[in-house]
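Novice: After the structure tokens below, expect a handful of questions from me.
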Amino acid sequence: MKFDIAIVGAGVLGSFAAYHALKSGKKVLLIDASTKSHGATVRNFGQIVPSGMNLTLWRNLGRRSLELYRELSSLMPDALWQQGSLYVASSEEEAGLLEEMHEINRETDYSSKLITPTQCRERVPSLSQGYCHGGLLYPQEMSAESVLLMKYLWELLDDQPNLYFKKASPVTSIEELPNGVEVRCSTGNKFMSKHTLICCGHNLNQLFPHLLQTKQMQISKLQMFRTRPIEGIKIPGNLLTGLTIRRYEAFKSCPNYKNLSAPNVDPNYEKFGVHLLFRQSVDGSIIIGDSHEYFAARDTDTLSYEIHQEINSLMIDEANRILNLPHLNIDRIWNGYYSQENSRGVFLKSATENIHLATGIGGKGMTAGPALMERVIKGIFNEIPLEECLLDEY
2 MKFDIAIVGA GVLGSFAAYH ALKSGKKVLL IDASTKSHGA TVRNFGQIVP
52 SGMNLTLWRN LGRRSLELYR ELSSLMPDAL WQQGSLYVAS SEEEAGLLEE
102 MHEINRETDY SSKLITPTQC RERVPSLSQG YCHGGLLYPQ EMSAESVLLM
152 KYLWELLDDQ PNLYFKKASP VTSIEELPNG VEVRCSTGNK FMSKHTLICC
202 GHNLNQLFPH LLQTKQMQIS KLQMFRTRPI EGIKIPGNLL TGLTIRRYEA
252 FKSCPNYKNL SAPNVDPNYE KFGVHLLFRQ SVDGSIIIGD SHEYFAARDT
302 DTLSYEIHQE INSLMIDEAN RILNLPHLNI DRIWNGYYSQ ENSRGVFLKS
352 ATENIHLATG IGGKGMTAGP ALMERVIKGI FNEIPLEECL LDEY
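Listed below in structure tokens is the structure:
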């Protein structure tokens, strides 16, 4: 059987590529090395936050992704919900940036609302009074239980008659032949397709490493944890804090961003790229993190998988400064890994006329990935160079 497209890797990019290809009536082969999603797609907060993206391409992709997630939310209400995102300033300077961003949002027609410290604490009663200097609320933004989201998305795809989903099948080679692209798996299976799209996440050493392992590609290691359920605590939607305001690209567009004084925190927060995000699950547990350590793309084989207690301690100390919680008993700690391309924000390249690569989206995958892959699939089948998918006017 010859497919219109074979998609290698069923994380958020690969799965949504399959989703869009199926919507356009294509016959799709989706291949993954595992039996369930376990990479960066599920090792995250499940925060869908266009508000944090740069104000041109990536925020626009995030806004389109919100529309796509809303289409899916009725099919998986326990995996996707809309309760908004709240950025909380930890200083008057950061509060000033929130005011500037609110004005930018008004000019770009992206809904947001400035709220007072009292209103912040009404929304999140556990917020420390001494920490909070005001907030910016994005009511339209969404949250996801990432593991459930991917489980349901795989089931939705698997139910489509034009999809053949081959799990537990690591791909060992991809070759363009005169009659199409041949994909070979370690299981001994081989498949033919007109096009092949490789969405390999941070695995940059297996397929076309000579293209993927560039100086512009890095691997980021994250660390985060989930608490045990905490009764009586309410954190609706996504909670983002002062160090996040300083880190996220959107706020670098604010006129006074360049005038920010250094935060009054341990220098190790900057060393390990720590900023604090919170997202609560239905059972009352809270995901808290995260950190960022960087490795060269060529170091894929030698990545550090250890949990750093020093990073945990930094996150716990900052969490206790931000929230008044009855306990921070940790249930699970984990690392996540993603690749990121540092010049354009994603790696999009055609290795041959009909073999294409999409990875290196960094921490933007959950927010911008669905809309990006909509463009990529359109580009592949309309013979548009993949790089043009990143044009603002696409």
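Residue numbers (this note's numbering): 2 to 395. C-beta: ideal position from N, C-alpha, C; glycine also.
In terms of residues, what are the limits of the beta strand (DSSP E) holding N239?
Specialist: Unbroken beta strand (DSSP E) run through N239: N239 to L241.
Novice: Output the residue ranges of the beta strand (DSSP E) runs that lie fully inside the region 127-191 and measure 3 residues or longer, sorted by chain position.
Specialist: Taking only runs of at least 3 residues, the beta strand (DSSP E) segments lying wholly in the region 127-191 are 136-139, 143-145, 164-167, 172-178 and 181-186.
Novice: Output yes or no for whether 7 Å exceeds the beta carbon distance between L358 and I199.
Specialist: A contact, by the Cβ cut-off of 7 Å.
Novice: Residues in the same chain with beta-carbon distance under 7 Å from G181, minus the five sequence neighbours each way, listed in chain order, please.
Specialist: So the qualifying residues of the chain are K3, M193, S194 and K195.
Novice: Out of curiosity, what's the CA-to-CA distance linking V172 and T353?
Specialist: Between V172 and T353, the C-alpha separation is close to 17 Å.
Novice: Mapping the DSSP letters down to three states, classify L373 as helix, strand or coil.
Specialist: If DSSP states are grouped into helix, strand and coil, L373 belongs with the helices.
Novice: If we ignore side chains and look at the alpha-carbon of each, how far apart do L58 and Y395 end up?
Specialist: Approximately 10 Å between the Cα atoms of the pair.
Novice: Could you give the DSSP three-state label for I8: helix, strand or coil?
Specialist: Reduced to three states, the DSSP call for I8 is strand.
Novice: Relative to the C-alpha of E319, which residue among E146, E375 and G243 is closest?
Specialist: Among E146, E375 and G243, the Cα nearest to that of E319 is on G243.
Novice: Return yes when the Cβ of P118 is within less than 7 Å of the Cβ of G135, no when it is not.
Specialist: Yes, the pair counts as a contact, with Cβ atoms nearer than the cut-off.
Novice: What separation, rounded to the nearest whole angstrom, lies between the Cα atoms of A18 and K152?
Specialist: Cα-Cα distance, rounded: 16 Å.
Novice: Within the same chain, show all residues whose beta-carbon is closer than 8 Å to that of P256, passing over the 5 residues directly before and after it, in chain order.
Specialist: Within the same chain, P256 has close Cβ partners E101.
Novice: In or out: T197 buried (at least 16 other Cβ within 10 Å) or exposed?
Specialist: The residue in question, T197, is buried, as its Cβ has 16 or more Cβ neighbours within 10 Å.
Novice: Can you tell which of Q281, F273 and L69 has its C-alpha closest to the C-alpha of E294?
Specialist: Among Q281, F273 and L69, the Cα nearest to that of E294 belongs to F273.
Novice: Who are the Cβ neighbours of R124 in its own chain at under 7 Å, not counting the five residues just before and after it?
Specialist: The answer, listed in chain order, is L87 and P237.
Novice: Can you check which of these residues, K379, I378, A372 and G380, is closest to R64 by C-alpha distance?
Specialist: If we check each option's Cα against that of R64, A372 comes out closest.
Novice: Judging by CA-CA distance, which residue of I381, C390 and S351 is the nearest neighbour of R345?
Specialist: The residue with the shortest Cα to Cα distance from R345 is C390.
Novice: If you follow the beta strand (DSSP E) that M432 is part of, which residue opens it and which one closes it?
Specialist: The chain is shown only over 2 to 395; residue 432 falls outside these bounds and no answer can be derived.
Novice: Would DSSP call H357 helix, strand or coil?
Specialist: Strand, per DSSP.
Novice: What does the alpha-carbon distance come out to for the pair L150 and D160?
Specialist: Cα to Cα, L150 sits roughly 15 Å from D160.
Novice: Which ranges would you report for the alpha helix (DSSP H) in the region 252-316 if only whole runs of at least 4 residues count?
Specialist: Whole alpha helix (DSSP H) segments, 4+ residues: 269-272.
Novice: Please name the residue in L324, A263 and T228 whose C-alpha comes closest to that of D284.
Specialist: It is T228.
Novice: At the level of alpha carbons, what is the spacing between M367 and A34?
Specialist: So the two alpha carbons sit approximately 20 Å from each other.
Novice: Under the three-state reduction of DSSP, which class applies to F17: helix, strand or coil?
Specialist: Of the three classes helix, strand and coil, the one that applies to F17 here is helix, per DSSP.
Novice: Does the structure place the region 248-267 close enough to the region 93-111 that three or more beta carbon pairs sit under 8 Å?
Specialist: Because the criterion of three Cβ pairs below 8 Å is met, the region 93-111 and the region 248-267 touch.
Novice: Suppose you measure from the CA of D79 to the CA of E146; what does that come to, to the nearest Å?
Specialist: Each residue's alpha carbon lies about 8 Å from the other.
Novice: Mapping the DSSP letters down to three states, classify G337 as helix, strand or coil.
Specialist: G337: strand per DSSP, three-state reduction.
Novice: What's the call for Y20, buried or exposed, on a 16-neighbour Cβ count within 10 Å?
Specialist: Result: buried.
Novice: Just how far apart, CA to CA, sit H328 and S129?
Specialist: Their Cα atoms are separated by approximately 14 Å.
Novice: Would you kindly report the start and end of the unbroken alpha helix (DSSP H) that includes L213?
Specialist: Per DSSP, L213 belongs to the alpha helix (DSSP H) from P210 to L213.
Novice: Please classify L76 as buried or exposed, where buried requires at least 16 other C-beta atoms within 10 Å of its C-beta.
Specialist: Result: exposed.
Novice: Helix or strand or just coil, what does DSSP make of I246?
Specialist: In this structure, I246 counts as helix in the three-state DSSP scheme.
Novice: Once you ignore the five residues that flank G422 on each side, which residues in its own chain have a CB closer than 8 Å to its CB?
Specialist: Absent from the model: residue 422. The displayed extent of the chain is 2 to 395, so no value can be given.
Novice: Between the Cα of V184 and those of N383, L315, L326 and A7, spot the shortest distance and give me the residue it belongs to.
Specialist: Measuring from the Cα of V184, the nearest candidate turns out to be A7.
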